[in-house]
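Single-structure report; data block below.
This is the structure in structure tokens:
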């Protein structure tokens, strides 16, 4: 990781202009955890009254910082909060030493900010199984606190990158009863991406007002429709963390507000799609729409089986409309399917229906469509009303280069 | 498929000398189903009194020949039996046309051999979703029957190859109460390999005597320890078929005979390993030994999670002893693991123990070992007595080349 890979061909043109979120300030620093010549630590500090929600990896070997965050969440507090994240080392599978590192860092942040340590959340991302040189981080904390500024969210996005080829940010602004509410978030992630209850590192901030428990249930619900619907390589990180902080600085209570939920979902989907667009070696962004399943859950099993199939992903890389491999992936998924009710389209080209190639199908139509860098694959199971949409990328030589040739 | 890929570097030196199995004869022909200039149909005919067992893919989109075999198995018959297999076209996702092709072929074989059609089993392997030109096959059947010969098993192994870079055969001969019993089998398979209840195409023959139901239960049991413990790419074929035919020609009843079961298992493991050794793009043969799990089933979940992880497989391709990725795969598998009880070795080099890198670990020792073309990875979960061994190969540029650059 941290090779200078060239920017993904699927990257957005530029980092977006993110709105200031009242009540939260950011700073970043170059601590030299592993990388040289770049920032690798970010600090975000939230005002008193901020509520905090989080969703984390379900990995049985999850990292020490993840376990610490899980222990701390849910305790309602008016004290404010801070998030410190380092890149370059994931502090995962680091034994008891890992907990020591977390304690050293959270206590140093607590000391410098005046927050209780129970309100300091951390995350680490990078190599697994090497001790985190936490002294390099704690040495930077006073400087980070001095530098905290409302406008530095882009610096935060850059400091948390590992194999990412671009910094990821997204935002939304809505009016609630005539008052402005803003949401802004940052994310990192490009490999080891098959989130399960959470993904990579994602931090979203809003000046809306929402109680801890409402914030948590909203985040969990929307996570299932965004970050839990993407996959790059079927591998799940030991560090996946998604956190949402509501400072309440707008004074607008958004409990039960569907406009706020929709705006938050749009930010989460935007960030999730950016992670896929930065998938290691990706050259195609693929949306898989599954309909007609027995249930939404079964639709997702089919969708992820297709999205994770190496043979489907290599066919897409080769611009081959190989729907036979889609049939294979549906067949192996374990979810219910009836060969004779299945229909499959690439974009608007119907390729197969009723257990058989469509009579009107002309391979040149689908082949033309496969040359695009955004591919939509539609599967209708013809069984019921269950549906889902999942997103993935293709599997290319670039993925092998990144992962076979470097220690990450 | 059927590109002239060079022979796998992990291939055995040569096709083995297989013993004649009394009571079964083979023939092959070039029917031009898809490939030119090579054989693509094999016929095996077994004498009256032969018992037949089979295990097949659980894919919901399995092929017409698989469904036909499943319908026919279990009917005890003294009539003898035949197996006809073609390569080049899998007759999968071919709608009602697929059933017609199977009926045409089985009836033609029945006519030419004098067997009832209910004792003619077929399989097809190759491209999915294109109609099988069955007339090309039926046109060859009289010639195949005329050519049947006890010694032509190697010809059969060659005729069923698709992306395989070498023909696969294995055998065993044992003495039971002073009488000789022989087992010989052939297999094909190199991609779309994550068997579930069966794998690729595998045909094993023995002159032992065993009732249909005993043969079936023995085959299913041993399949779980051999073909169901290998994976190349986590993708499961729509055509996977494993059949075992016992001609009884030796006159030796092997009911309950553990020597026979062990010999059969050795043949099945040998063929399963050859499939992995011919894994698309493979340069390393990897054995993953999992011990200390809560149960054998949980051990297998961990083993296959490691074996299917793209990040583990690319690390092995890169000769990187990246045990952090092994920890990741264990964590995501869904089976029980305790980070602090886990130990991981590459070959005899202990790399991690007690949730932490081993104090004696020197990366150069493991790195040296990773240069070999056969790698043993050992994981002990420290939880109980559950164990398993699974086999896989690495994930290389060769896999991408084969699957992104050609229609298969």
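Residue numbers (the numbering used here), protein chains in the order written: chain A, 1 to 408; chain B, 1 to 408. C-beta: ideal position from N, C-alpha, C; glycine also.
Measuring straight from C-alpha to C-alpha, what distance separates residue i and residue j?
| i | j | result |
| --- | --- | --- |
| residue 199 of chain A | residue 241 of chain A | The pLDDT assigned to residue 199 of chain A is 43, lower than 50, so where the model puts this residue is not dependable; a value taken from the coordinates is nonetheless given after this. If I take the Cα positions, the gap works out to 6 Å. |
| residue 304 of chain A | residue 52 of chain A | 30 Å |
| residue 476 of chain B | residue 156 of chain A | Nothing about residue 476 of chain B can be read from this structure; chain B reaches only from 1 to 408. |
| residue 317 of chain B | residue 290 of chain B | 21 Å |
| residue 130 of chain B | residue 101 of chain B | 12 Å |
| residue 227 of chain B | residue 306 of chain B | 17 Å |
| residue 235 of chain B | residue 389 of chain A | 21 Å |
| residue 138 of chain A | residue 144 of chain A | 10 Å |
| residue 268 of chain B | residue 182 of chain B | 14 Å |
| residue 196 of chain A | residue 333 of chain B | Reliability of the predicted coordinates at residue 196 of chain A is poor, the pLDDT of 45 falling under 50, and the value obtained from them is presented with this limitation in mind. Roughly 11 Å between the two C-alpha positions. |
| residue 371 of chain A | residue 360 of chain A | 21 Å |
| residue 233 of chain A | residue 335 of chain A | 20 Å |
| residue 35 of chain A | residue 142 of chain A | 21 Å |
| residue 28 of chain B | residue 231 of chain B | 29 Å |
| residue 277 of chain B | residue 283 of chain B | 8 Å |
| residue 75 of chain A | residue 212 of chain A | 9 Å |
| residue 293 of chain B | residue 309 of chain A | 27 Å |
| residue 288 of chain A | residue 358 of chain A | 19 Å |
To which residues of the same chain is residue i closer than 7 Å at the C-beta, ignoring the five residues directly before and after it?
| i | result |
| --- | --- |
| residue 315 of chain B | 322 and 325 |
| residue 90 of chain B | 63, 124, 125, 126, 127, 128, 238 and 239 |
| residue 30 of chain B | 38, 39 and 40 |
| residue 249 of chain A | 22, 23, 47 and 207 |
| residue 368 of chain A | none |
| residue 393 of chain A | 232, 276, 279, 282, 284, 285 and 286 |
| residue 188 of chain A | 125, 160, 161, 162, 164, 168, 200 and 201 |
| residue 312 of chain A | 306, 325, 326 and 329 |
Assign residue i to one of two classes, buried (16 or more other C-beta atoms within 10 Å of its C-beta) or exposed (fewer than that).
| i | result |
| --- | --- |
| residue 366 of chain A | buried |
| residue 169 of chain B | buried |
| residue 273 of chain A | buried |
| residue 297 of chain B | exposed |
| residue 150 of chain B | exposed |
| residue 146 of chain B | exposed |
| residue 343 of chain B | buried |
| residue 80 of chain A | buried |
| residue 362 of chain A | exposed |
| residue 255 of chain B | exposed |
| residue 68 of chain A | buried |
| residue 331 of chain B | buried |
| residue 319 of chain A | buried |
Let's see if you can read the secondary structure: which residues bound the beta strand (DSSP E) around residue i?
| i | result |
| --- | --- |
| residue 380 of chain A | 374-380 |
| residue 46 of chain A | 41-46 |
| residue 89 of chain A | 81-89 |
| residue 203 of chain A | 201-206 |
| residue 258 of chain A | That residue, residue 258 of chain A, is in no beta strand (DSSP E); its alpha helix (DSSP H) goes 258-277. |
| residue 312 of chain B | It is not in any beta strand (DSSP E) - residue 312 of chain B instead sits in the alpha helix (DSSP H) that spans 310-317. |
| residue 232 of chain A | First-last for residue 232 of chain A: undefined, no H or E at that position. |
| residue 183 of chain A | 179-188 |
Starting from residue i and walking both ways along the alpha helix (DSSP H), at which residues does that stretch end?
| i | result |
| --- | --- |
| residue 69 of chain A | 64-72 |
| residue 387 of chain A | Not the alpha helix (DSSP H): residue 387 of chain A falls in the beta strand (DSSP E), residues 386-393. |
| residue 95 of chain A | 95-113 |
| residue 222 of chain A | 212-225 |
| residue 364 of chain B | 363-369 |
| residue 154 of chain A | 153-159 |
Please return the same chain residues whose Cβ sits closer than 8 Å to the Cβ of residue i, not counting the five positions on each side in sequence.
| i | result |
| --- | --- |
| residue 295 of chain A | 384 and 386 |
| residue 61 of chain B | 92, 93 and 238 |
| residue 401 of chain B | 281 |
Considering only residues of the same chain and omitting the five flanking positions on each side of residue i, which have a CB-CB separation below 6 Å?
| i | result |
| --- | --- |
| residue 12 of chain B | none |
| residue 480 of chain A | Residue 480 of chain A is absent from the structure shown; chain A starts at 1 and stops at 408. |
| residue 25 of chain B | 45, 148, 149 and 150 |
| residue 49 of chain A | 78 and 248 |
Can you pull out the residues from the stretch 209-233 of chain B whose beta carbon lies closer than 7 Å to at least one beta carbon of chain A? 233
When you check each C-beta in the stretch 276-289 of chain B against every C-beta of chain A, which residues fall closer than 7 Å? none
Output, in sequence order along the chain, the residues in the stretch 118-149 of chain A whose CB is closer than 8 Å to any CB in chain B. 127, 128, 129 and 130
Scan the stretch 310-322 of chain A for residues whose Cβ lies nearer than 9 Å to a Cβ of chain B and list them as they occur along the chain. 310, 311, 312, 313, 314, 315, 316, 317, 318, 319, 320 and 322
Interface positions of the stretch 91-110 of chain B facing chain A (Cβ-Cβ less than 9 Å), listed along the chain: 92, 93, 94, 95, 96, 97 and 98
Residues from the stretch 38-64 of chain B in contact with chain A, defined by Cβ distance under 9 Å: 57, 58, 59, 60, 61 and 62
Of all the residues that make up the stretch 233-263 of chain A, which are near chain B by a beta-carbon distance shorter than 8 Å? 233, 234, 235, 236, 237 and 238
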